[in-house]
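J.: Input: one structure, supplied below.
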Ligand SMILES: [Zn+2]
């Protein structure tokens with residue numbers, strides 16, 4: 218009887234030990250509920266817009282992705298074609314912009330019409346504007362524009378073509394009758410310096426991608442961290458393959474791929490990261506890649522988990 222009793226106790230002890238090990242295993246390896254730590258969306262974006270020139274354009278910080286812009290002049294009479302080319306030359310001389318003819322998927326399409334069009338009691342000399350804009354952070358990236366030349370410019374300067382080209386580049390009308398962007402065309406109108414300065418300033422930013430963190434949340438689940446990260450390309454060029462590296466108190470705990478992102482596009486990634494430490498104070502997120510970005514400083518975010 219005694220022997221059986223001891224065996225019975227040993228059996229019970231063994232069961233308890235297995236159960237304890239099992240519970241430890243659950244705690245270490247199986248995600249459990251926990252507190253949620255959230256950070257508010259991060260905004261590290263380039264700030265370009267100063268108050269004095271914020272009214273020049275239809276939207277703030279409008280530009281093409283590069284300063285080399287392609288165009289196609291489609292079925293225009295020679296004189297209008299020459300006026301358009303002259304307008305390109307004038308802007309090339311005064312700014313960092315470069316325009317080149319291209320026959321396929323061009324950035325700016327120029328067409329012509331002889332039909333008289335009247336708008337608000339005025340003869341319409343031309344029409345122009347961006348036709349495709351993508352919001353990428355603080356930029357409004359123009360990818361396509363159109364110009365319709367109706368009236369031949371009778372001025373020495375190709376004022377109609379210049380006016381419509383500046384519309385395509387994002388510039389709105391000016392209330393100043395001496396400005397080329399005044400609604401009504403007169404021959405002595407000039408491209409104001411604020412327009413030229415704005416173009417040179419906004420196109421001085423390199424045409425690079427800019428991967429930025431848009432939102433991060435970390436939820437501890439046992440020895441795992443449940444991580445949700447949204448990364449957006451707020452730059453001027455599509456990004457290539459990158460890596461997201463996660464550090465817990467300085468130790469690398471996870472590396473995941475960030476697939477290429479088009480201009481303005483973002484992607485949310487959710488995953489579990491196993492953390493060897495018991496109590497984690499801070500988690501660092503780093504976007505790692507080998508291509509240039511507009512801003513590399515926004516590729517790092519440190520999240521404090523201690524309340
Ligand atoms: Zn206009």
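In this note's numbering, the protein residues as written are 218 to 524.
Glycine included, every Cβ here is placed at the ideal spot set by N, Cα and C.
Roughly how many angstroms lie between the CA atoms of residue 365 and residue 314, to the nearest whole one?
T.: As a position in the chain shown, residue 365 is number 148, starting the count at 1. As a position in the chain shown, residue 314 is number 97, starting the count at 1. Each residue's Cα considered, the two are about 21 Å apart.
J.: Tell me, please, which residues DSSP counts as bridged to residue 464.
T.: Here the question's residue 464 lines up with position 247 in the chain shown. In DSSP, residue 464 forms a bridge with 469 and 501.
J.: Within its chain, find whatever has a CB closer than 6 Å to the CB of residue 298; leave out the 5 residues flanking it on each side and keep chain order.
T.: Taking the first residue of the chain shown as 1, we reach residue 298 at position 81. So the list reads 290, once near-sequence residues are dropped.
J.: Identify the continuous beta strand (DSSP E) that holds residue 495 and give its terminal residues.
T.: For the purposes of this step, residue 495 is taken as residue 278 along the chain shown, with counting starting at 1. No beta strand (DSSP E) holds residue 495; DSSP gives it neither H nor E.
J.: Quick check on DSSP: helix, strand or coil for residue 353?
T.: Taking the first residue of the chain shown as 1, we reach residue 353 at position 136. Here residue 353 sits in strand by DSSP.
J.: To the nearest angstrom, report how far apart residue 388 and residue 457 are at their CA atoms.
T.: As a first step, residue 388 must be located in the chain shown, where it is residue number 171. As a first step, residue 457 must be located in the chain shown, where it is residue number 240. Using only the alpha carbons, I get a separation of about 31 Å.
J.: Using a threshold of 7 Å, is the CB atom of residue 400 nearer than that to any non-hydrogen atom of ligand 1?
T.: The residue given as residue 400 occupies position 183 in the chain shown. Yes, the Cβ of residue 400 comes within 7 Å of a heavy atom of ligand 1.
J.: How is residue 401 classed by DSSP in three states: helix, strand or coil?
T.: To locate residue 401, count along the chain shown from 1; it is residue 184. Coil.
J.: For residue 281 and residue 485, I'd like the C-alpha separation in whole angstroms.
T.: Counted from its first residue, the chain shown places residue 281 at position 64. Counted from its first residue, the chain shown places residue 485 at position 268. About 27 Å.
J.: With burial defined as no fewer than 16 other Cβ atoms inside 10 Å of the residue's Cβ, what is the status of residue 294: buried or exposed?
T.: Taking the chain shown and counting its residues from 1, one reaches residue 294 at position 77. Exposed, by the Cβ-count rule.
J.: Let me know if residue 375 comes out buried or exposed under the rule of 16 or more other beta-carbons within 10 Å of its beta-carbon.
T.: Start at 1 with the first residue of the chain shown, and residue 375 comes out as number 158. Residue 375 is buried by the Cβ-count criterion.
J.: Give me, in chain order, the residues of the same chain whose beta-carbon lies closer than 7 Å to that of residue 309; leave out the 5 immediate sequence neighbours on both sides.
T.: Against the chain shown, residue 309 aligns to sequence position 92. For residue 309, where only same-chain residues beyond five positions count, the Cβ hits under 7 Å are 315 and 316.
J.: Using DSSP's beta-bridge definition, name the partner residues of residue 447.
T.: Counting from 1 along the chain shown, the entry for residue 447 is found at position 230. BP columns for residue 447 point to 432 and 485.
J.: Does the structure place the stretch 351-360 close enough to the stretch 404-418 that three or more beta carbon pairs sit under 8 Å?
T.: Cβ pair count under 8 Å is below three, so no.
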